[in-house]
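Here is the structure we will look at.
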Amino acid sequence: MWNWLSIFDTSGYPARWDCGPAWTSEPIWGWVHIVSDLAIFGAYTAIPFLTIRFLRKRPDVPVPRLWWLLATFLFACGTVHLLDAIIFWWPIYRLAGIVKFLTAMASWATVLGLLSVLPVMLQLPGMSQTVPAEPVENDEESKSRIAELRIVNHRIRASEESLRQSLQAARLGTWSWSLKSNLAWLDQSQMQLTGMGAKAGTIRMEQFLERVHRDDRDSLNRALKQAIETGQPYNYTFRLYVPGRGYRWLQHRGAVSPNSRHASERLVGVCYDITDQMAEQDAMRVRTRAIEFATNGILITDTRSALQPIIYVNPAFEKLTGYRASEVIGKNCSFLQGPGTDPVTRQHLREAIQLRQKCQVTILNYRRDGTPFWNSLQISPVENDEGVVVHYIGVQTDVTQSVENERRLREAQLAAETASRAKSEFLANMSHEIRTPLTAILGCADSLCRDLASEEPLATAKTIRSQGQLLTGILNDILDLSKIEAGKLEIHREPCSVLSVVHDVCSLMEQQANDKDLKLVTKFDSILPENILTDQLRFRQILLNLTSNAIKFTNVGKVEIWVCCDRTGPESKLTISVQDTGIGIPKAHLDAIFEAFTQVDGPIVRRVGGTGLGLTICQRLARMLNGELTVVSEVDRGSTFTLTLPVDNEELLSLEELNQRRVLKESHASMDVVIPARILIAEDTMAIQYMLKRILSPIVDEVVVVNNGAEAVEAIVQAQETRPFKLVLMDMQMPQMNGYDATARLRHLGLDLPVIALTAGAMAGDRERCLAVGCTDYLSKPVSRSQLLHTIQTYCFSTPEKV
Ligand code: ADP
Numbered sequence: 080m081w082n083w084l085s086i087f088d089t090s091g092y093p094a095r096w097d098c099g100p101a102w103t104s105e106p107i108w109g110w111v112h113i114v115s116d117l118a119i120f121g122a123y124t125a126i127p128f129l130t131i132r133f134l135r136k137r138p139d140v141p142v143p144r145l146w147w148l149l150a151t152f153l154f155a156c157g158t159v160h161l162l163d164a165i166i167f168w169w170p171i172y173r174l175a176g177i178v179k180f181l182t183a184m185a186s187w188a189t190v191l192g193l194l195s196v197l198p199v200m201l202q203l204p205g206m207s208q209t210v211p212a213e214p215v216e217n218d219e220e221s222k223s224r225i226a227e228l229r230i231v232n233h234r235i236r237a238s239e240e241s242l243r244q245s246l247q248a249a250r251l252g253t254w255s256w257s258l259k260s261n262l263a264w265l266d267q268s269q270m271q272l273t274g275m276g277a278k279a280g281t282i283r284m285e286q287f288l289e290r291v292h293r294d295d296r297d298s299l300n301r302a303l304k305q306a307i308e309t310g311q312p313y314n315y316t317f318r319l320y321v322p323g324r325g326y327r328w329l330q331h332r333g334a335v336s337p338n339s340r341h342a343s344e345r346l347v348g349v350c351y352d353i354t355d356q357m358a359e360q361d362a363m364r365v366r367t368r369a370i371e372f373a374t375n376g377i378l379i380t381d382t383r384s385a386l387q388p389i390i391y392v393n394p395a396f397e398k399l400t401g402y403r404a405s406e407v408i409g410k411n412c413s414f415l416q417g418p419g420t421d422p423v424t425r426q427h428l429r430e431a432i433q434l435r436q437k438c439q440v441t442i443l444n445y446r447r448d449g450t451p452f453w454n455s456l457q458i459s460p461v462e463n464d465e466g467v468v469v470h471y472i473g474v475q476t477d478v479t480q481s482v483e484n485e486r487r488l489r490e491a492q493l494a495a496e497t498a499s500r501a502k503s504e505f506l507a508n509m510s511h512e513i514r515t516p517l518t519a520i521l522g523c524a525d526s527l528c529r530d531l532a533s534e535e536p537l538a539t540a541k542t543i544r545s546q547g548q549l550l551t552g553i554l555n556d557i558l559d560l561s562k563i564e565a566g567k568l569e570i571h572r573e574p575c576s577v578l579s580v581v582h583d584v585c586s587l588m589e590q591q592a593n594d595k596d597l598k599l600v601t602k603f604d605s606i607l608p609e610n611i612l613t614d615q616l617r618f619r620q621i622l623l624n625l626t627s628n629a630i631k632f633t634n635v636g637k638v639e640i641w642v643c644c645d646r647t648g649p650e651s652k653l654t655i656s657v658q659d660t661g662i663g664i665p666k667a668h669l670d671a672i673f674e675a676f677t678q679v680d681g682p683i684v685r686r687v688g689g690t691g692l693g694l695t696i697c698q699r700l701a702r703m704l705n706g707e708l709t710v711v712s713e714v715d716r717g718s719t720f721t722l723t724l725p726v727d728n729e730e731l732l733s734l735e736e737l738n739q740r741r742v743l744k745e746s747h748a749s750m751d752v753v754i755p756a757r758i759l760i761a762e763d764t765m766a767i768q769y770m771l772k773r774i775l776s777p778i779v780d781e782v783v784v785v786n787n788g789a790e791a792v793e794a795i796v797q798a799q800e801t802r803p804f805k806l807v808l809m810d811m812q813m814p815q816m817n818g819y820d821a822t823a824r825l826r827h828l829g830l831d832l833p834v835i836a837l838t839a840g841a842m843a844g845d846r847e848r849c850l851a852v853g854c855t856d857y858l859s860k861p862v863s864r865s866q867l868l869h870t871i872q873t874y875c876f877s878t879p880e881k882v
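Residue numbering for the sequence shown follows my numbering, beginning at 80 and increasing consecutively.
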């Protein structure tokens, strides 16, 4: 086998220097050969290398295959000369022979290549046609031709510029793709749109395709190929990755530009960014789908036509009404209404449409099969660009179930209200029934306690009194809670002295605290409002309950009532904290204690008793007074209940001043008085007659007792002429003529003496009813001695005035 390395074998060949004496005798000729060969080699090699370098910088310049042949041929010639120079020292004739042979092949290939392109080259314009020749003096024709050419040239440039500006304004990019070189040329706009072609606007087509979204790449390639093959215009939408802006939707339109031989040479076209339109289209598609998938019935009407026909209904409409779209399109939607549809609602809808307004109604509609359904219908106008309403969109919801539920709920509520009213009536009656004898028992027990001297009967009387009071307390709690729950507890706001209430509560509770060896102390802020506008009775009730609980659940230490005025917020607040050092409340029960009938389970609670209603009532009352009641507590360390009430009176006084004012007021009130007056008691219950008489006899001039309203009127009328009564205590529930009728009669007769109503009813409305018939004031049984005296004193010493 032939060994290719043998081409480097020089045996048998002498180096050229040794090929004859002339070479050594006249070496100058040898050197002329060597230098010339090397120079030729350098030049032949430099030409293709320089051209390659140039082409690398200008990838846009198309390189014909013939050029590559020519470059090979030049390089091969150069190599032959190089070997000729080398042979002077190294006789590699074999290798040189092969290189020469290859050079001969390349030379003939070039000759053949040239032969094929020569005819085309011969048709190319000559230099004189492409570059205007220097004007020849006196050649007038040439001069005018040049001037013409210049004008045409100028016009072409101007129109090119305006085309460029128009394209830019339209944000259209243009491109041209050479099919031969596979290079694409992009204009400025196209470069901006694609973010490519930074270097002289030229890119390789592969570069461009790489950036096309991979889902669009194949189909784009196919579209391009088809355009090239068929010569048909090409129009394609695809996504291109633009650095910094992500994928953009581009629309490409182009056409093949054929060369002089009608062969496809390049594809030229325009491109624009349609990302925004695509996004809009996408959104539109989603919206359309949403309407189609909506569970609400949707219909669109055309308001421009007098009939206002339906132009669209969604599938949910079809499902809801049973009508197919084809049956309703073109009709006015009134076909959905029927005999049970409320004409007022119908009119309301019509008016809204006439006024081009939105509207929401619940209307009875009918399905295709005639079954009715309640439709919650919302209609909204749709305006065109000129602000004219051209459509109405109606959204329907089948609310039959909820309308039905609402109806049931209303009925249930009505039934509950009736039951609640019945309960209230029952409670009112019960309260009357229980309170009347209780008043008598307490009154009698009170009198007995005053009269009895010996210890044993006195202790019995005291027990009766304390148990009666306890019973009254429970009764009052139950009544209060039912009144609150029935929404019938009324709040009567009046200026109320904070200090008086606190001192009052303390003096009432002092004995209980002393009995348990507890200190009951009060602490006041240095400045406080003298009065706050609140319901004194309820304020006192809350404070009494909190203090009583604190004493009840404390075995050692103290109970402290701390009154502060909190001015940190936008509105001042009065906070009264009742703090004890008692058993405390476990965290888990803190919320529950405000629930009715809830007590923290434990031996102490069972021992001290209670109904578990006190705090529930207190919290509800606090809210009704626009305040709140909160608690913090720690087991075995104590509890702090804080009542917060609004302060309407911003005038704050020093504690010293407040105390002086309070002492002055109380000293006026506590003076022992004798009332020089005749008083009439109209009461049918013997026990209460007895009790009232016992309280009043030592104080007033005379007490007259009658058994019913008719007797009362008669007695008063008769007394008018002799010794008129100064005041009447009128029980409102009496046989024959009740207190209401008797008072009304008195007023009718023109008698204006004070009439104080005594009622066992504790329900809201009692007070109003009494005042309405002409009573001057109102006392709810059981009436305490001090309350009774205070009221009588008020009306006997002052000109009667209705409250
Ligand atoms: P009761 O009539 O049972 O006292 P309340 O509603 O006033 O009803 O109180 C409910 C429960 O809250 C009480 O039974 C007691 O367990 C707890 N409680 C109330 N105040 C205190 C307090 N100061 N210290 C400890 N426990 C308290």
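The beta carbon of each residue, even a glycine, is placed where N, CA and C say it ideally should be.
- Note on geometry: alpha-carbon atoms of residue 787 and residue 817 lie some 7 angstroms from one another.
- In the assembly as shown, residue 331 is a buried residue. Its beta-carbon has 16 or more other beta-carbons within 10 Å.
- Excluding the 5 residues flanking it on each side, residue 866 has same chain C-beta neighbours closer than 7 angstroms at 858, in chain order.
- Only residues of its own chain outside the window of five on either side were considered, and among them 445 have a CB closer than 6 angstroms to the CB of residue 417, listed in chain order.
- Shown here for residue 663: same chain residues with a beta carbon closer than 6 angstroms to its own, the five before and five after excluded, namely 712, 713, 714, 715, 716, 717, 718 in chain order.
- Across the set 462, 320, 423, 307, the C-alpha of 462 shows the shortest separation from the C-alpha of residue 380.
- Fewer than three pairs of CB atoms, one per stretch, sit closer than 8 angstroms, so the stretch 631-647 makes no contact with the stretch 763-772.
- In the three-state DSSP reduction, residue 810 falls in the strand class (E or B).
- The bridge partners DSSP lists for residue 462 are 468.
- Residue state for residue 604 is assigned as coil, using DSSP reduced to three classes.
- Going by DSSP, residue 447 is part of no beta strand (DSSP E) at all; its letter is neither H nor E.
- The Cβ-Cβ distance between residue 145 and residue 196 falls below 7 angstroms.
- Here residue 98 carries a coil assignment [DSSP, helix/strand/coil].
- Between the ligand ADP and the CB of residue 628, the shortest heavy atom gap is smaller than 6 angstroms.
- With a threshold of 6 angstroms, the Cβ atom of residue 718 counts as near the ligand ADP, since some heavy atom of the ligand is closer than that.
- DSSP places residue 666 within a helical segment (H, G or I) once states are collapsed to three.
- In its chain, beyond the 5 residues on either side, 416, 420, 421, 424, 425, 428, 453, 454, 456 have a beta carbon closer than 8 angstroms to the beta carbon of residue 442.
- With fewer than 16 other Cβ atoms inside 10 Å of its own Cβ, residue 301 counts as exposed.
- With a cutoff of 6 angstroms, residue 795 does not count as near the ligand ADP, since its C-beta is closer than that to no heavy atom of the ligand.
- The residues 250, 252, 321, 327, 329, 350, 351, 352, in chain order, have a CB closer than 8 angstroms to that of residue 272 in the same chain once the five nearest residues on each side in sequence are set aside.
- Taken through DSSP and simplified to helix, strand or coil, residue 485 comes out as helix.
- Given a length threshold of 3 residues, each whole run of the beta strand (DSSP E) inside the stretch 706-786 is given here in chain order: 707-713, 717-725, 731-733, 754-761, 779-785.
- By the Cβ rule, the stretch 651-666 counts as touching the stretch 627-634, because three or more pairs are nearer than 8 angstroms.
- Non-local C-beta neighbours of residue 622 in its own chain, meaning closer than 8 angstroms and more than five positions away in sequence, comprise 580, 581, 584, 640, 655, 657, 722, ordered along the chain.
- Residue burial is scored here from C-beta neighbours: residue 108 has fewer than 16 other C-beta atoms within 10 angstroms and is therefore classed as exposed.
- Checking the DSSP bridge columns, you'll see residue 858 partnered with 837.
- If you look at residue 263, you'll find it in the beta strand (DSSP E) that goes 262-265.
- Just so you know, the alpha carbons of residue 693 and residue 535 end up roughly 33 angstroms apart.
- Residue pairing of residue 331 in beta bridges, as defined by DSSP: 315, 350.
- Here the alpha carbon of residue 871 sits roughly 42 angstroms from the alpha carbon of residue 636.
- In chain order, 254, 276, 280 place their CB closer than 6 angstroms to the CB of residue 265, counting only its own chain and leaving out the 5 sequence neighbours on each side.
- Look at residue 819 here: in three-state DSSP terms it is helix.
- Given a length threshold of 3 residues, each whole run of the beta strand (DSSP E) inside the stretch 361-420 is given here in chain order: 376-381, 389-392.
- If you keep only unbroken alpha helix (DSSP H) runs of at least 4 residues inside the stretch 546-611, you get 577-594.
- Residue 874 sits in a helix when the DSSP states are folded into three classes.
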